[in-house]
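The C-terminal position of the sequence shown is numbered 100 in my numbering, with every residue numbered one higher than the one before it. Here's the structure, in structure tokens; my notes come after.
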Amino acid sequence: MVRHVMVFKFKDTEEKTAMEHAKDLKTVLEALVGVIPGLISMQVGLDETGSERAYTCSIFSGFESFDALAAFKVHPGHIKAIEPLRKASVAGGGVDYTV
């Protein structure tokens, strides 16, 4: 199994707060399990501290293989989930590894 871990820091926009952006992402991404082939699990955690140093959300997802992860990244469901957040994201990072 391949673990895909990401963190994002969002900013408030005219439309939504940073946390509202993160909640929207959580809803959309977690709904993709069972829809995208090779996506085994998806857990999106939202920051509860409000710390200036904290990221707004973290994503822990599991895939059958690196090929499945690559297919996920270009899947229309994934693109739809992340596209609205491009202007709200101020920082991010990630790591992919075999479990």
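Cβ coordinates follow ideal geometry from the N, Cα and C atoms, glycine included.
Kindly indicate which three-state DSSP category threonine 99 falls into: helix, strand or coil? strand
Buried or exposed: which applies to serine 43, given that a residue is buried once 16 or more other Cβ atoms fall within 10 Å of its Cβ? The question names serine, but residue 43 is methionine in the sequence shown. Methionine 43 comes out buried.
Counting Cβ pairs closer than 8 angstroms, one from the stretch 17–31 and one from the stretch 51–65, do we hit at least three? yes
Taking contact to mean 3 or more Cβ pairs, one atom from each stretch, closer than 8 angstroms, check whether the stretch 6–15 and the stretch 73–80 are in contact. no
For my contact list, leucine 47 and methionine 20 are in at a C-beta cut-off of 8 angstroms; report their separation, rounded to the angstrom. 7 angstroms
Determine whether the beta carbon atoms of glycine 63 and leucine 33 lie at a separation below 9 angstroms. no
Mapping DSSP to helix, strand and coil, what is alanine 55? coil
Quick check: the Cα distance between glycine 95 and alanine 23, rounded to an integer number of angstroms? 16 angstroms
Here's the rule: buried if 16 or more other CB atoms are within 10 angstroms of the residue's CB, otherwise exposed. What is alanine 71? exposed
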